[in-house]
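Asker: Numbering (full-length UniProt numbering), first residue to last: 1 to 79.
Built from N, CA and C at the ideal position, the CB exists for glycine as well.
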């Protein structure tokens with residue numbers, strides 16, 4: 001019987017990072033998120049293209065390095 005630890009996951013290709021570029025989808029996600037924020041009396045968020053680009057680049061970096069932790073550069077957050 002084979003168990004999970006016997007499988008060599010590190011040799012498998014992971015799917016490439018796919019950025020969300022559909023502006024309509026981005027708008028719908030933000031509206032849904034802000035709807036919940038409104039229920040709790042929290043001010044709405046605004047879309048930040050700069051932050052979206054940073055997130056896209058971080059995702060691509062994680063995909064490239066096959067890193068399992070996004071907090072390697074900030075070890076105090078990884079705890």
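(1) If you pair each beta-carbon of the region 32–39 with each one of the region 47–60, do three or more pairs fall below 8 Å?
(2) Rounded to the nearest angstrom, what separates residue 22 and residue 63 at their Cα positions?
(3) Is the Cβ of residue 37 closer than 8 Å to any Cβ of chain D?
Answerer: Reading it off the structure:
(1) no
(2) 21 Å
(3) Note that chain D does not occur in the displayed structure, where there is just one protein chain.
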